[in-house]
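Novice: Protein chains in written order, with the numbering used here: chain A, 648 to 758; chain B, 81 to 192.
First the structure, then my questions, so here it is.
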Amino acid sequence: GENVEQHPSTLSVQEGDSAVIKCTYSDSASNYFPWYKQELGKGPQLIIDIRSNVGEKKDQRIAVTLNKTAKHFSLHITETQPEDSAVYFCAASMAPGDMRFGAGTRLTVKP
Amino acid sequence: DAGVTQSPTHLIKTRGQQVTLRCSPKSGHDTVSWYQQALGQGPQFIFQYYEEEERQRGNFPDRFSGHQFPNYSSELNVNALLLGDSALYLCASRSIVGSEQYFGPGTRLTVT
């Protein structure tokens, strides 16, 4: 089955800096790659996603890149703000099948 | 538009007991998946329901069972609770023709 690895497990940046989180997946049949943000005591919130026929997608300060050949994808957050502090999860699936998640990255943005 | 809702918010049970968790999907969604999230870990897929049938199942024992109703809402049942079942249980919904999946706030289950 699908295995998703996520790095780093913790990330601390200064407000205004960029943050990058990387994930790799094992199943070449996976075709949908979402990113979720989870704040304390809440469920994961979908923040951006990318499909296998696209190499890059951007939404304001957030962007995701996908390299299907290497089977890895990354989340880029620019101009970080304290409210970006949370745990971020990557996931992979062969939609609409089950979704496999990475272990998460705890991002801290220091003011 | 209400998103995914779950009840109860918190639950405390004793080892060996049984528990039922409930989920209402986002409007327009017909597929419900359940996940278990242990502290400090990513969500682990339990199973997925569509058209009132279990369509896919993750690596969870038969003590975990579910149901989907005609209005697309769903229940997760766990029998013979173990201490290790303590976790946040998340419900997520999507349309069978789409990819985007949205999560509810979760039910925090504590087994003592």
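Glycine residues also receive a C-beta, built at the ideal position from the N, C-alpha and C atoms.
Note that the structure is predicted; figures quoted are calculated from it, not measured.
List the residues of chain A that B:Tyr182 touches, going by C-beta distances under 8 Å, in chain order.
Specialist: Locating residue 182 of chain B in the second sequence gives position 102, where the first residue counts as 1. Those are Leu693, listed as they occur along chain A.
Novice: Can you tell me where the beta strand (DSSP E) holding B:Gly146 begins and where it ends?
Specialist: Translated into the one-based positions of the second sequence, residue 146 of chain B becomes position 66. From DSSP, the beta strand (DSSP E) with B:Gly146 extends over 144–148.
Novice: Just grab the DSSP bridge partners of B:Gln134 for me.
Specialist: Residue numbering aside, residue 134 of chain B sits at position 54 when the second sequence is read from its first letter. With the sequence shown as reference, residue 134 of chain B is identified as Glu, and Gln is not the correct amino acid for it. Bridge partners of B:Glu134: B:Tyr129.
Novice: Return the residue from the list B:Gly186, B:Phe140, B:Val191, B:Tyr182 that minimises the CA-CA distance to B:Lys106.
Specialist: Reading the second sequence from its first residue, position 26 is the one you call residue 106 of chain B. B:Lys106 has its Cα closest to that of B:Tyr182, out of B:Gly186, B:Phe140, B:Val191, B:Tyr182.
Novice: Tell me which residue opens and which closes the beta strand (DSSP E) that A:Ser659 is part of.
Specialist: As a working note, residue 659 of chain A is residue 12 in the first sequence. Counting along the chain, the beta strand (DSSP E) containing A:Ser659 begins and ends at 657–661.
Novice: If I'm right that B:Arg188 touches B:His109 with Cβ under 8 Å, what's the distance once you round it to whole angstroms?
Specialist: Working through the second sequence from its first residue, we reach residue 188 of chain B at position 108. Working through the second sequence from its first residue, we reach residue 109 of chain B at position 29. Going by Cβ atoms, the distance from B:Arg188 to B:His109 rounds to 23 Å, so no, they are not a contact pair.
Novice: In whole angstroms, what separates the C-alpha of B:Tyr130 from that of A:Gly663?
Specialist: Counting from one through the second sequence, the residue named residue 130 of chain B turns up at place 50. Counting from one through the first sequence, the residue named residue 663 of chain A turns up at place 16. About 44 Å.
Novice: Looking at chain A, is there any beta carbon in it that lies within less than 8 Å of the beta carbon of B:Gln128?
Specialist: Reading the second sequence from its first residue, position 48 is the one you call residue 128 of chain B. B:Gln128 counts as touching chain A.
Novice: I need the DSSP call for A:Glu652, collapsed to helix, strand or coil.
Specialist: Mapped onto the first sequence, residue 652 of chain A falls at position 5. Three-state result, A:Glu652: strand.
Novice: Count the other CB atoms, across all protein chains shown, that sit within 10 Å of the CB of B:Val177; report buried if there are 16 or more and exposed otherwise.
Specialist: Counting from 1 along the second sequence, the entry for residue 177 of chain B is found at position 97. Under this definition B:Val177 is an exposed residue.
Novice: Note the first and the last residue of the continuous beta strand (DSSP E) segment covering A:Asp706.
Specialist: In the first sequence, the residue the question calls residue 706 of chain A occupies position 59. First-last of the beta strand (DSSP E) with A:Asp706: 703–706.
Novice: With distances taken between CB atoms, is the gap from A:Ser659 to A:Thr755 smaller than 8 Å?
Specialist: Along the first sequence, read from residue 1 onward, the residue named residue 659 of chain A stands at position 12. Along the first sequence, read from residue 1 onward, the residue named residue 755 of chain A stands at position 108. Yes.
Novice: A:Gly690 and B:Pro185: beta carbons closer than 8 Å?
Specialist: In the first sequence, the residue the question calls residue 690 of chain A occupies position 43. In the second sequence, the residue the question calls residue 185 of chain B occupies position 105. Cβ distance < 8 Å, so A:Gly690 and B:Pro185 count as in contact.
Novice: Determine the burial state of B:Gln122: buried for a count of at least 16 other Cβ atoms within 10 Å of its Cβ, exposed for fewer.
Specialist: Numbered from 1 along the second sequence, position 42 holds the residue referred to as residue 122 of chain B. Per the sequence shown, residue 122 of chain B should be read as Gly rather than Gln. With 16 or more other Cβ atoms within 10 Å, it is buried.
Novice: Evaluate B:Ile92 with the Cβ neighbour count: other Cβ atoms within 10 Å of its Cβ, from every protein chain shown; 16 or more gives buried, anything less gives exposed.
Specialist: Position 12 of the second sequence, counted from the start, is the residue given in the question as residue 92 of chain B. Exposed: under 16 other Cβ atoms inside 10 Å.
Novice: Could you tell me whether any Cβ in chain A is nearer than 8 Å to the Cβ of B:Phe144?
Specialist: Walking along the second sequence from the start, residue 144 of chain B turns up at place 64. Not an interface residue.
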